[in-house]
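A.B. asks:
Numbering (our numbering), first residue to last: 4 to 477.
1) Indicate whether the contact test is met: 3 or more Cβ pairs, each with one atom in the region 285-294 and one in the region 97-109, closer than 8 Å.
2) From the DSSP secondary-structure annotation, give me the bridge partner or partners of residue 26.
3) According to the neighbour-count rule (16 or more other Cβ atoms, all chains shown, within 10 Å of its Cβ), is residue 270 buried or exposed?
4) Please work out which residues of its chain come closer than 7 Å, Cβ to Cβ, to residue 102, disregarding the five sequence neighbours upstream and downstream, and give them in chain order.
5) Restricting to runs no shorter than 4 residues, where is the alpha helix (DSSP H) found entirely within the region 283-338?
6) Return the CA-CA distance between residue 178 and residue 170, expressed in angstroms with no decimal places.
7) Measuring CB to CB, does residue 28 end up less than 8 Å from residue 146?
8) For residue 368, does the three-state DSSP call read helix, strand or coil?
9) Would you kindly work out how many angstroms separate the C-alpha atoms of residue 153 and residue 337, rounded to a whole number?
10) Exposed or buried, what is residue 116 when buried is set at 16 or more other beta-carbons lying within 10 Å of its beta-carbon?
11) Could you give the residue range of the alpha helix (DSSP H) that holds residue 93?
12) Exposed or buried, which one is residue 181 when buried takes at least 16 other CB atoms within 10 Å?
13) Using beta-carbon positions only, say whether residue 3 and residue 464 come within less than 8 Å of one another.
14) Three or more beta-carbon pairs under 8 Å between the region 399-406 and the region 448-468, yes or no?
15) Are the CB atoms of residue 69 and residue 76 nearer to each other than 8 Å?
16) Please report the distance separating the alpha-carbon of residue 409 from that of residue 192.
17) Determine the burial state of residue 395: buried for a count of at least 16 other Cβ atoms within 10 Å of its Cβ, exposed for fewer.
18) Quick one: Cα of residue 418 to Cα of residue 437, how far?
19) Rounded to a whole number of angstroms, what is the C-alpha to C-alpha distance between residue 360 and residue 471?
20) With a Cβ-Cβ cutoff of 8 Å, do residue 240 and residue 328 count as a contact?
21) With a threshold of 6 Å on Cβ separation, who are the neighbours of residue 50 within its own chain once the five nearest residues in sequence on each side are excluded?
22) Report all residues from its chain with a CB closer than 6 Å to the CB of residue 324; omit the five preceding and five following residues, and keep chain order.
23) Count the CB pairs spanning the region 80-88 and the region 60-69 that are closer than 8 Å, and state whether there are at least three.
24) Report the rounded CA-to-CA distance for residue 330 versus residue 321, giving the unit in angstroms.
25) Let me know the secondary structure DSSP gives residue 77 once reduced to three states.
26) Can you tell me whether residue 111 is buried or exposed? The criterion is at least 16 other CB atoms within 10 Å of its CB, across all chains shown.
27) Looking only at DSSP bridge pairs, what is residue 468 linked to?
28) Comparing C-alpha positions only, which one of 19, 428, 264, 335 sits nearest to residue 398?
29) Below 6 Å CB to CB, which residues in the same chain sit around residue 172 once its five sequence neighbours on both sides are set aside?
30) Within 10 angstroms of the Cβ of residue 121, are there 16 or more other Cβ atoms? Answer buried if so, exposed if not.
31) Give the DSSP-derived three-state secondary structure of residue 394 in the structure shown.
32) To the nearest angstrom, how far is the alpha carbon of residue 447 from that of residue 469?
33) Suppose contacts are defined by Cβ-Cβ distances below 8 Å. Is residue 94 in contact with residue 356 by that definition?
34) Nearest by alpha-carbon distance to residue 256: which of 56, 31, 60, 275 is it?
35) Taking all protein chains shown into account, decide if residue 140 is buried (16 or more other Cβ within 10 angstroms of its Cβ) or exposed.
36) For residue 309, I'd like the list of residues in its chain whose CB is within less than 6 Å of its CB, leaving aside the five on either flank, ordered along the chain.
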């Protein structure tokens, strides 16, 4: 592709940093066109989903919850406990493999259409900026303008609105981490009763404000690991937002439009070098230089170029979704062996995940010896002390949970402080118990015990634990 490029200087610089290494702000032209309209529909739907998901409940479970502190997760209304961490891990692996497959086939479209960073930046904060400061030319003029009353009014208004929105995002973020009910309770109680939480929200608000007011598109260019990953995944068969350099450059390269000229006879390409595609780009790149790391496939350049082509009477599609092989060799999209490999891995992982979900236990019990505690002798019986946990993953409350030894005649389980415990739905019950065995049952210093867990007369789980006794000498 290098033959259509005028120079390679773009490879050594990025638009967001000037020659002195300082931050250079980008002022993209406000996009318009059919693809942008579709992106708005997708973005607003995702925004509603993002803000609404923590407050939607299914069978009493928050639709999405990522409570890292308490190690509780809800995915689409299904609760996951620390004991289900393997399911959470494999679901994340499925997401990574699916994203890799999508990238191999369709490039970085995820970034332009579905990524929360892009959606908030381009469909929320950038549109507010257009509303307050105007389009590209007005923003450039305002940037160069002295700090007079107009500039102060517009900038302060923008900064206040940006921070208010960032504060709202931080509260939604907290609802994902702590739970929507907890956040609502915090709001009702007031900030004075939840000072530590308020400080955390203010810090997150400042982080979001910094990202959308200053760091902006540099998240995609510098910080995002997915942007680096795409360089490994893309190839000549990947569909990207691409410039048709064969058509655009012609034999003698791109050139300005001259009225009445025969561009075909002059060997000039269809690109009239209007630079509209550069002016509208939110990351400041020139798409005519080919596929670049900074491109987030937002399609703004496609809409802008199609508008220009329509005005000058040239066919649309000079910039379009296409692979390099389609542009150079006129080859249509094919499902390659590489894509088939990713698909096979994704199918296998999904099958394993579905199988694990069906085999997932609704109740899990663990009984472990108290660390550092030796066995005790009580007459002709040996006593061990244990900590137990019963995880109830259902909505049903267990009102009378007890434990029973299996194949240990004469053995006894005694709970500390009660004869039984209650475990509410979607909750954890824990405590301490003693296990007493006749010494005659111990043929070795360690014996594996099988224990059944009951709610009343209904067995709900079974588990095992080790029982220690005195060493036997032959």
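C-beta: ideal position from N, C-alpha, C; glycine also.
Remember, it's a predicted structure, so these values are computed and weren't measured experimentally.
C.D. replies: Looking at the coordinates:
1) no
2) Numbered from its first residue, the chain shown carries residue 26 at position 23. In the DSSP output, where bridge partners are listed per residue, residue 26 has 20.
3) Counting from one through the chain shown, the residue named residue 270 turns up at place 267. It counts as exposed.
4) In the chain shown, the residue the question calls residue 102 occupies position 99. Counting only Cβ-Cβ distances below 7 Å, and skipping sequence neighbours, we find 113.
5) 303-315, 327-332
6) Here residue 178 refers to the residue found at position 175 when the chain shown is read from its first residue. Here residue 170 refers to the residue found at position 167 when the chain shown is read from its first residue. Taking the straight line joining both Cα atoms gives about 13 Å.
7) Taking the first residue of the chain shown as position 1, residue 28 is located at position 25. Taking the first residue of the chain shown as position 1, residue 146 is located at position 143. Their beta carbons are under 8 Å apart, which means residue 28 touches residue 146 by this criterion.
8) Sequence index remark: in the chain shown, residue 368 carries index 365 (1-based). Of the three classes helix, strand and coil, the one that applies to residue 368 here is strand, per DSSP.
9) Counted from its first residue, the chain shown places residue 153 at position 150. Counted from its first residue, the chain shown places residue 337 at position 334. Roughly 55 Å between the two C-alpha positions.
10) In the chain shown, counting from the first residue as 1, residue 116 sits at position 113. Looking at its Cβ environment, which holds 16 or more other Cβ atoms inside 10 Å, residue 116 is buried.
11) Taking the chain shown and counting its residues from 1, one reaches residue 93 at position 90. 88-109 is the span of the alpha helix (DSSP H), which, as asked, contains residue 93.
12) Numbered from 1 along the chain shown, position 178 holds the residue referred to as residue 181. Classification of residue 181: buried, given that the 10 Å Cβ count is 16 or more.
13) The chain is shown from 4 up to 477; residue 3 falls before or after that span and cannot be answered.
14) yes
15) Residue numbering aside, residue 69 sits at position 66 when the chain shown is read from its first letter. Residue numbering aside, residue 76 sits at position 73 when the chain shown is read from its first letter. Yes, the pair counts as a contact, with Cβ atoms nearer than the cut-off.
16) Taking the first residue of the chain shown as position 1, residue 409 is located at position 406. Taking the first residue of the chain shown as position 1, residue 192 is located at position 189. Their Cα atoms are separated by approximately 50 Å.
17) The residue labelled residue 395 in the question sits at position 392 within the chain shown. So residue 395 ends up on the buried side.
18) Within the chain shown, residue 418 is the residue found at index 415, counting from 1. Within the chain shown, residue 437 is the residue found at index 434, counting from 1. Using only the alpha carbons, I get a separation of about 6 Å.
19) Along the chain shown, one-based indexing puts residue 360 at 357. Along the chain shown, one-based indexing puts residue 471 at 468. Each residue's Cα considered, the two are about 35 Å apart.
20) For this step, residue 240 is matched to residue 237 along the chain shown. For this step, residue 328 is matched to residue 325 along the chain shown. Result yes, Cβ atoms of residue 240 and residue 328 sit closer than 8 Å.
21) In the chain shown, the residue the question calls residue 50 occupies position 47. Answer for residue 50: no residue qualifies.
22) Within the chain shown, numbered from 1, the residue matching residue 324 stands at position 321. Here the set comprises 242.
23) yes
24) Residue numbering aside, residue 330 sits at position 327 when the chain shown is read from its first letter. Residue numbering aside, residue 321 sits at position 318 when the chain shown is read from its first letter. Taking the straight line joining both Cα atoms gives about 10 Å.
25) As a working mapping, residue 77 is identified with position 74 in the chain shown. The answer is strand: DSSP assigns residue 77 an E or B state.
26) As a first step, residue 111 must be located in the chain shown, where it is residue number 108. Buried is the call here.
27) Here residue 468 is taken as the residue at index 465 of the chain shown, counted from 1. Beta-bridge pairing links residue 468 to 452.
28) The count along the chain shown starts at 1 and reaches residue 398 at position 395. Among 19, 428, 264, 335, the Cα nearest to that of residue 398 is on 428.
29) As a first step, residue 172 is located in the chain shown; it is residue number 169 there, counting from the start. Excluding sequence neighbours, residue 172 sits near 211.
30) For the purposes of this step, residue 121 is taken as the residue at position 118 of the chain shown. Answer is buried; the Cβ neighbour count reaches 16.
31) Stepping through the chain shown from its first residue, residue 394 is reached at position 391. If DSSP states are grouped into helix, strand and coil, residue 394 belongs with the strands.
32) By one-based count along the chain shown, residue 447 stands at place 444. By one-based count along the chain shown, residue 469 stands at place 466. Between residue 447 and residue 469, the C-alpha separation is close to 12 Å.
33) Walking along the chain shown from the start, residue 94 turns up at place 91. Walking along the chain shown from the start, residue 356 turns up at place 353. Yes, these two residues count as a Cβ contact at 8 Å.
34) Numbered from its first residue, the chain shown carries residue 256 at position 253. Cα-wise, what sits closest to residue 256 is 275.
35) As a first step, residue 140 must be located in the chain shown, where it is residue number 137. Residue 140 comes out exposed.
36) Translated into the one-based positions of the chain shown, residue 309 becomes position 306. Counting only Cβ-Cβ distances below 6 Å, and skipping sequence neighbours, we find 319.
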